[in-house]
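Okay, structure first, notes after.
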Amino acid sequence: MTAERINGKAFAASLRERVGEHAAQFEASAGRRAGLAVVLVGEDPASQVYVRSKHKATVAAGMESFEHRLPADTSEEDLLALVAQLNADEAVDGILVQLPLPGHLDEQAVIASISPDKDVDGFHVTNAGRLAVGQSGFVPCTPLGCMMLLTERLGDLSGLEAVVIGRSNIVGKPMAQLLLDANATVTIAHSRTKDLPSVVRRADIVVAAVGRAEMVKADWLKEGATVIDVGINRLPPAEGEEKGRLVGDVDYAGAEGVAGAITPVPGGVGPMTIAVLLRNTLVAAYRNAD
Ligand code: GUN
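Residue numbering for the sequence shown follows the UniProt record's numbering, beginning at 1 and increasing consecutively.
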């Protein structure tokens with residue numbers, strides 16, 4: 001059996017198109033465009049690539065993009081002052097401070113300073129709390145994108161066994177909450193889990209978010225499982241390669257022979273994150289305009 005390849009890239013493109021249509025309706029009714037402010041501190045190359053893609057996608061969806069690039073030695077006071085200014089700015093519906101921040105800045109303090117109603121990343125404790133108790137708020141983009149791919153593929157998730165590998169605040173924990181809300185039976189596995197292969201083997205749904213290249217092997221999977229690979233890892237360059245290949249947390253070539261469906265890396269979960277960010281920004285615009 002060869003697993004169905006879950007085409008996150010195509011799903012993300014159609015989500016972006018739908019968001020674009022709604023953004024045009026928002027503009028017509030509100031008399032202004034929905035706006036996303038992205039703050040980048042320093043010159044981390046990966047973050048620069050992400051921020052550029054977010055800017056392009058925001059503009060392409062018919063929304064306003066406000067980019068703030070600050071030097072690496074920006075003080076916490078100055079960064080908090082910028083966030084306060086964006087919180088107060090009526091043209092700004094969503095605020096995203098790109099992580100990781102340089103080491104001298106307290107990420108938790110910076111996230112806490114963002115208005116929860118503009119926190120389109122869903123990282124503020126108020127939004128984490130809302131998700132935990134089932135109130136509507138903003139849900140982190142990557143796990144929400146994973147849920148969209150899962151429900152598109154499987155429909156109702158009630159009673160399915162789901163194993164989330166990884167317990168980060170950004171992916172693992174919110175992912176588990178979302179699966180629980182969808183009535184799956186959820187296990188969160190992590191680096192201290194005993195006999196991880198046998199835990200994973202009982203899963204109808206596997207979400208791998210550990211950041212370790214090709215860690216999940218084919219013989220860990222139940223036949224027909226749906227596998228969502230959140231990892232993006234670059235392998236060391238092989239002979240004759242300038243850059244190493246990008247791979248996920250799952251050994252795709254092996255897993256393809258066992259799983260029922262699997263997201264590729266790249267082209268699976270990755271493109272969903274930005275599409276959901278645009279969706280969250282538009283939701284923020286409608287909520288803030290009320
Ligand atoms: N860095 C890597 N991914 C993300 C993300 O989704 N949001 C923010 N703010 N920073 C990131």
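Every residue, glycine too, gets a C-beta built ideally from N, C-alpha and C.
Nearest to S191 by alpha-carbon distance, out of L277, G166 and Q177, is G166.
As the crow flies, the alpha-carbon of A84 is around 15 Å from that of H124. Looking from the CA of K173, the closest CA among N183, A189 and L160 belongs to A189. About 27 Å separates the Cβ atoms of A109 and E64, ruling out a contact at the 8 Å cut-off. DSSP places I228 inside the beta strand (DSSP E), whose first and last residues are T226 to D229. F66: member of the beta strand (DSSP E) spanning E64 to L70, first to last residue.
Residue environment analysis places L179 among the buried positions, since at least 16 neighbouring C-beta atoms fall within 10 angstroms of its C-beta. Assignment of L79 by DSSP, reduced to helix, strand and coil, places it in the helix class.
Between the alpha carbons of G260 and V207 lies a distance of about 14 Å. With a cutoff of 7 Å on beta-carbon distance, G248 and A218 are scored as not near each other. When the five nearest sequence neighbours on each side are left out, the beta carbons in the same chain lying within less than 7 Å of the beta carbon of S47 are those of L40 and Q98, in order along the chain. For D106, the Cβ stays outside the 6 Å cut-off from all heavy atoms of the ligand GUN. The beta carbon of L96 sits closer than 6 Å to at least one heavy atom of the ligand GUN. For G172, the secondary structure class from DSSP, reduced to helix, strand or coil, is helix. With a 10 Å radius around the Cβ and a threshold of 16 neighbouring Cβ atoms, L101 comes out buried.
Checking the DSSP bridge columns, you'll see R234 partnered with L246. Within the model, the alpha-carbon separation for L246 versus G31 is close to 43 Å.
Within the same chain, Cβ atoms closer than 7 Å to the Cβ of Q177 are found at L131 and A132, the five residues on either side in sequence being excluded. Per the Cβ contact rule, the stretch 114 to 122 is not in contact with the stretch 57 to 72 (fewer than 3 Cβ pairs under 8 Å).
Within the chosen limit of 6 Å, the ligand GUN reaches the beta carbon of D121 through at least one heavy atom.
The closest heavy atom of the ligand GUN lies 6 Å or more from the beta carbon of L70. Assignment of L96 by DSSP, reduced to helix, strand and coil, places it in the strand class. The closest heavy atom of the ligand GUN lies 6 Å or more from the beta carbon of L246. Counting the other CB atoms within 10 Å of its CB gives M1 a total below 16, which places it among the exposed residues. Comparing alpha carbon positions, the residue from V283, E21, E76 and V164 closest to L221 is V164.
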